[in-house]
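Line order of the protein sequences matches chains A and B. Take the first sequence: its letter number 38 is residue 38 in this note's numbering, and every next letter is one higher. Going from the second sequence to this note's numbering is simple: count from 1 and add 1000.
2 protein chains.
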Amino acid sequence: MTKATDSSEIPDGTEPTQHDGVHRRQFLSTAAWVGLTGAGVAAGLASCGKQPPGPGTAAPAAADAGAAHSAEIKPGQLDEYYGVWSGGHSGEVRVLGIPSSREIKRIPVFNIDPMSGWGITNESRAVIGTLPDGRLKYTTGDTHHVHGSYSDGTYDGRYFWVNDKIHGRLGRIRGDLLECDRITELPNIQGFHGIFPDKRDPVDPAINRTTRVFCGGEFTLPLPNDGGNMDDTTQYYSMFTCVDAETMEVRWQCKIDGNMDLVATSYDGKLAASNQYNTENGMVYGEMMSAERDACIFFDIARIEQAVKDGKVFTIPGSDTPVVDGTRASNADPKTALVAYVPIPKNPHGVNASPDGKYFICSGKLSPTASVIELAKVLEWFEGNLKDPRDAVVAEPEIGLGPLHTAFDGRGHAFTTLFLDSQVVKWNIEAAIAAFKGDKNAKVVVDRIDVHYQPGHLNASMSETRECDGVYLAIGCKFSKDRYLPVGPLHPENEVLIDISGEKMVTLHEAPVYPEPHDFIIVKRDAVKTTQVRNIDDFPLATKDMGGSRIERDGSKVTVHLTAIAPAFGLPEIRVRQGDEVTLIVTNLDKVEDLSHGFAIPKYNINFIVNPQEAKSVTFIAEKPGVYWAYCTHFCHALHLEMRSRLVVERSA
Amino acid sequence: MTKATDSSEIPDGTEPTQHDGVHRRQFLSTAAWVGLTGAGVAAGLASCGKQPPGPGTAAPAAADAGAAHSAEIKPGQLDEYYGVWSGGHSGEVRVLGIPSSREIKRIPVFNIDPMSGWGITNESRAVIGTLPDGRLKYTTGDTHHVHGSYSDGTYDGRYFWVNDKIHGRLGRIRGDLLECDRITELPNIQGFHGIFPDKRDPVDPAINRTTRVFCGGEFTLPLPNDGGNMDDTTQYYSMFTCVDAETMEVRWQCKIDGNMDLVATSYDGKLAASNQYNTENGMVYGEMMSAERDACIFFDIARIEQAVKDGKVFTIPGSDTPVVDGTRASNADPKTALVAYVPIPKNPHGVNASPDGKYFICSGKLSPTASVIELAKVLEWFEGNLKDPRDAVVAEPEIGLGPLHTAFDGRGHAFTTLFLDSQVVKWNIEAAIAAFKGDKNAKVVVDRIDVHYQPGHLNASMSETRECDGVYLAIGCKFSKDRYLPVGPLHPENEVLIDISGEKMVTLHEAPVYPEPHDFIIVKRDAVKTTQVRNIDDFPLATKDMGGSRIERDGSKVTVHLTAIAPAFGLPEIRVRQGDEVTLIVTNLDKVEDLSHGFAIPKYNINFIVNPQEAKSVTFIAEKPGVYWAYCTHFCHALHLEMRSRLVVERSA
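Next comes the structure, spelled out in structure tokens:
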């Protein structure tokens, strides 16, 4: 272990360790600092006594000496964990193997994927949603957070959910298929940021699994947002939304003052929370950071649902979702309050539940602190037994600059990303509580490690569950700068994998990733049970026998039932007339795992794949006469190139 | 070295090596065999005396003992090579670091990318092409082959080209930006399969760089394909197309009998070639494999261009591209022939130029052979000095089952993928020539290695250049089956990296990849020189100073000039009227590398990024009244979340 060379710069005076023998300050982003200073917000950080660093220099290779684990998975070996990764404004979700950090799958959700046919097949278009003229309603999306369904406080592998910030949608991914099966657009919100499934029913203790998904709205809006009041911004609000985990229908919304960001839920099911960085309801960033304290808002789920049951709701024109009033004015009495506003220093970003079920950690972003909120005390407030909701904060250690998100190791430690410091700090929660009570000997910060550069989210293996195991920690770094071969103006982001099994953190691996992975979870591999070959009976449109290929005509509507079995489609020729509306249903009759077929029609902008024992369909107007060689695009066989069907479109008279 | 345990199964009787102590036959795909047998083509392989293997079992980890190189690139270290990777029917191109096999960038080309805004911005839509109603003409594509521009026989980093098989388009990627800048749709073709840039001018020896790109059409068509003759398939032809490397305009086409597939070019610029698997012009796969020999077609570029110059051309109705006649009947006299049809065994797939400039290797696919064609002899034929074009074949070793593509190490060895054997075979070209001449002691096959599973393309570092260096070999395996954690019905493909620097091949790494990477090149890193920060003067629409943000109205057409500098857009509010046609131009005034901004408008389906010192635009109709919080989607700053602009759409009267 090397002694710190810059310990004077560490806010709490604990001794950090240099893992690579280079001053970490040399790596700090000048961009973030210059921008921050230029924007006039340096004063917000002045209490830390920090100065902008000099120009950045490249970091040498991190040493992984001392690691108990390795990121190397040899050919043919399997990874230990599934990583389920948000794809940011790529609109997709990604599945990684951890620790190798290799991307095993992309799951198209809000994007259009010409490979799988997501957004092209009739089935996927129904999930995404279409306009009256047949075009897709949206083709963009901004995924932020991925979380899984729970049973008994840990992942059960049934579902994963992901949000679309741009258009306010919640997507669901089936755990057995790792495919999106439902998308719900939330009413009355914009900037849908945080999501979290509940972990237990707040009322019925027999239901110890996820039945709801909670959604935080980030941008305040006039309600309704129909072009009526747009100028009186004091009447802008945001909504906390509850979606049914099974039906994916919106159950209720709660209108609040200010905005929301991330979401966390308690293991007992009673509380959900969201950090609030814009208590001020500011319209520009200067206003948004004017208050010294913002809040973490807690929702008493049972009370809200009782209020909905009791009809204490209203609706926003244009939506029939029941809405309860969660504004400060209507929730002043703790004994009837639906929500509690717990004050938290300056523009907090991130709220995370500790795996012991006791605390939520909410970080300050523009304050160098992480606030530890004791859930028992929040419940006390709701019972009228805690005078000030701020008293639920049981620790608030200064941990570094730009603290954002927190993960856990299940051994009492928290790991928080420090955006401005380009570090992860490991700290002890109980020590922070002791220090907050006045124990001057409490050693809060245990370790620090440089990451490259500007980390946002992080997550540790099983960190969001009762089975939190403290093995691997992944860090989503927003800037990669000089870490990879240059690839032009658009840089990759950098995902760093750290071994957290020992006292010291050890960097194992860095992986460049297409922007912009936002958040992720690391799930033990036996929690995810996938199906590789579907049951053909699940596809009502399927043609179940090789001889069943046929063309059916009803006026100008033509239905083509086409089987695929390597290396041939069931019809060598498909003959239609110009102007026909053609619905083409392709059934893959191969039963062998991994033997997917593709189906493309040149000049008709059609391509999609059909996995073994699946059926998928497309509908198009045969507007162009001529010969169009439909072909298999997904390598299936030695004679794959020869697997074609000739679409003959006869000229209309 | 371990002795082979199953040498009796090796066609040429050389001694293979087991790298992992397990019978490679156990890994063979039963799927491919069963499919092949079921389709009645087993007879085509009967000469090899092979039987379908038993059920597949999982392979253990390959050992990398004995490797001179490693795939591990420690954090902060840079890869040695750029891998430029086709994305198959994802429609994109990918940039990898080699040897780590980490994906550093995706380059959207034929797909729509909501992250970068490819297909969303006006600039990208102009490259892709739109229909009269404003929709994009195509949103799908099937990239197959990526090749780079040459100077002096090696990569010069100016351009990379990639084809779209579905819609017959050629995309060009700027090497300095690693972004697509041009897409050209080829006339009179379908199933555009192979591409290759030329390496030298065939006439002017002073021009020793790429000036043309050659394109092979795979599917034969009636010409014109307008719904006229569709039934007389004897009148179906395919086209070999020459595109100008700089202007990206089609120079000429050559009509041929049968079809084409891959393309290769000679180092002297005189010859281009394409393998032909459907000499029969069959319409179904049974017909396509009826002949025992197909062909490798050679094009005499200088003669073709002289014919074009001399006006010995015709046109196909609907296109003004000059077409020369390359059919067999018109090219019987070698001294005037534009093309030579060199007979090659059964359904060849793949044609590759050896780095010494002497040979093209064309593999049999349904024959266990690779044919070595000596280019000097092809030129002799064109001069009338070789009686039979078949005499240009100077070797035809039996190397294994399902031979497809060949790479080189610059030390006289060829590496060919064996699709059915799931192997790569290393063989000696000069030994094969000696054996073909009758030398019974010539040791052709040097080594074999199992890959998992069913390899298609492969390529070695700098293999396609005079600087072929024989360090790394990448193999694109079409099936991954059990190599990764299961992810549902759609499996990844498997990219295997092999150290070829020694006598024996050694597997270094396996990487799962989103389907379906088709082909790739491995380029030494100093050949690619990228620009990370653009010159703002290259963007005529840019607003060059922070105070220049403004809104201009011309009737119902509104132009918004919006600057972005972290953490704010130049206008906190953008006020327009319902029904306005809004053109929004975003200029990123940040100058710091990696500091890209995003711009999303909720409910308006808009998202794109703008890199430092760039300007991009979108145009949309403000049809929905209300407040829409445009926000930065690309993490830029500690106050990134606060970086927003309020789009206020006033109700129309």
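No residue lacks a Cβ here, since even glycine has one placed at the ideal position from N, Cα and C. The model shown is predicted, which means the values in this text are computed figures rather than measured ones.
With 16 other CB atoms within 10 Å as the buried threshold, where does residue i fall?
i: A:G91; result: buried
i: B:F1314; result: exposed
i: A:K616; result: buried
i: B:Y1604; result: buried
i: B:G1384; result: exposed
i: B:P1492; result: buried
i: B:G1134; result: exposed
i: B:A1630; result: buried
i: A:I304; result: buried
What does residue i reach in chain A if we use C-beta pairs closer than 7 Å?
i: B:K1603; result: H167
i: B:R1651; result: G227
i: B:A1511; result: R102
Using the beta-carbon of each residue, which ones in chain B are nearer than 9 Å to residue i?
i: A:S596; result: P1489, L1490, H1491 and P1515
i: A:E123; result: Residues of chain B passing the Cβ test: none, with the nearest at roughly 13 Å.
Smallest Cα separation from residue i: which of the options?
i: B:Y1514; options: B:T1507, B:Q1423, B:K1358 and B:E1495; result: B:E1495
i: A:T530; options: A:K312, A:E593 and A:F408; result: A:E593
i: B:F1635; options: B:N1352, B:G1626 and B:V1610; result: B:V1610
i: A:K335; options: A:E292, A:R534, A:A370 and A:P389; result: A:P389
i: A:S290; options: B:V1649, B:A1206, B:A1653 and B:E1642; result: B:E1642
i: A:V93; options: A:D79, A:P99, A:P108 and A:R411; result: A:P108
i: A:E287; options: A:R293, A:N278 and A:A295; result: A:N278
i: A:I449; options: A:S151, A:G326 and A:I500; result: A:I500
i: B:Y1236; options: A:T233, A:V627 and A:R644; result: A:V627
i: A:A527; options: A:K365, A:E123, A:H637 and A:V84; result: A:V84
i: A:L262; options: A:P114, A:P187 and A:A272; result: A:A272
i: B:V1323; options: B:G1548, B:V1446, B:N1607 and B:P1187; result: B:P1187
i: B:R1106; options: A:A638, A:L490 and A:K481; result: A:L490
In its own chain, which residues sit with a C-beta less than 6 Å from the C-beta of residue i, not counting the 5 before and 5 after it?
i: A:L45; result: Residue confidence is low: A:L45 scores 31 on pLDDT, short of 50, so the model does not pin down where it sits. Its coordinate-derived value is still stated next. Same-chain partners within the cutoff: there are none.
i: A:S461; result: Y81, D469, V471, Y472 and I522
i: A:F110; result: G91, G141 and D164
i: A:T543; result: H561, T563 and T587
i: A:G129; result: K137
i: B:I1112; result: G1119 and T1139
i: B:A1039; result: The predicted model places B:A1039 with a pLDDT of 32, which falls under 50 and marks its position as unreliable, so this point remains unresolved.
i: A:G318; result: P224
Name the chain A residues that come within less than 8 Å of residue i, Cβ to Cβ?
i: B:L1186; result: Correct list: empty, because the minimum Cβ distance to chain A is about 11 Å.
i: B:Y1484; result: L78, D79, G97, R102 and I104
i: B:S1480; result: D594
Quick one: residues in its chain with C-beta nearer than 7 Å to the C-beta of residue i, no 5 flanking neighbours on either side, listed in chain order?
i: A:S29; result: In this prediction, A:S29 has a pLDDT of 30, which is less than 50 and means its spatial position is unreliable; what the coordinates show is noted afterwards. If we look at A:S29 and ignore the five residues flanking it on each side, its Cβ neighbours are G56, S422, Y453, Q454 and F479.
i: B:M1546; result: T1563, I1565, G1570 and L1589
i: B:R1174; result: Y1159 and D1181
Grab me the residues of residue i's own chain with a C-beta within less than 8 Å of its C-beta, minus the 5 sequence neighbours each way, in chain order.
i: B:T1211; result: D1198, D1201, D1244, A1245 and E1246
i: A:S652; result: R577, Q578, G579 and P625
Using a C-beta to C-beta distance shorter than 8 Å, which residues of chain B count as neighbours of residue i?
i: A:R534; result: P1489
i: A:K365; result: A1638
Whose Cβ in chain B lies nearer than 7 Å to the Cβ of residue i?
i: A:W629; result: Q1190, G1191 and F1219
i: A:V284; result: P1572
Identify the contact partners of residue i in chain E, using a Cβ-Cβ distance below 9 Å as the criterion.
i: B:N1607; result: No chain E is present in this structure, whose protein chains are A and B.
- Query: Do the region 430-439 of chain A and the region 505-521 of chain A make contact, defined as three or more Cβ pairs closer than 8 Å?
  - Reply: no
- For the 8 Å Cβ check, are there 3 or more pairs between the region 339-359 of chain A and the region 398-411 of chain A? yes
- Query: Is it a yes or a no for the region 1222-1237 of chain B touching the region 1166-1182 of chain B, going by three-plus beta-carbon pairs under 8 Å?
  - Reply: Three or more Cβ pairs closer than 8 Å define a contact, and the region 1222-1237 of chain B falls short of that threshold against the region 1166-1182 of chain B.
- Query: Touch check for the region 1581-1590 of chain B and the region 1554-1562 of chain B: three-plus C-beta pairs under 8 Å?
  - Reply: yes
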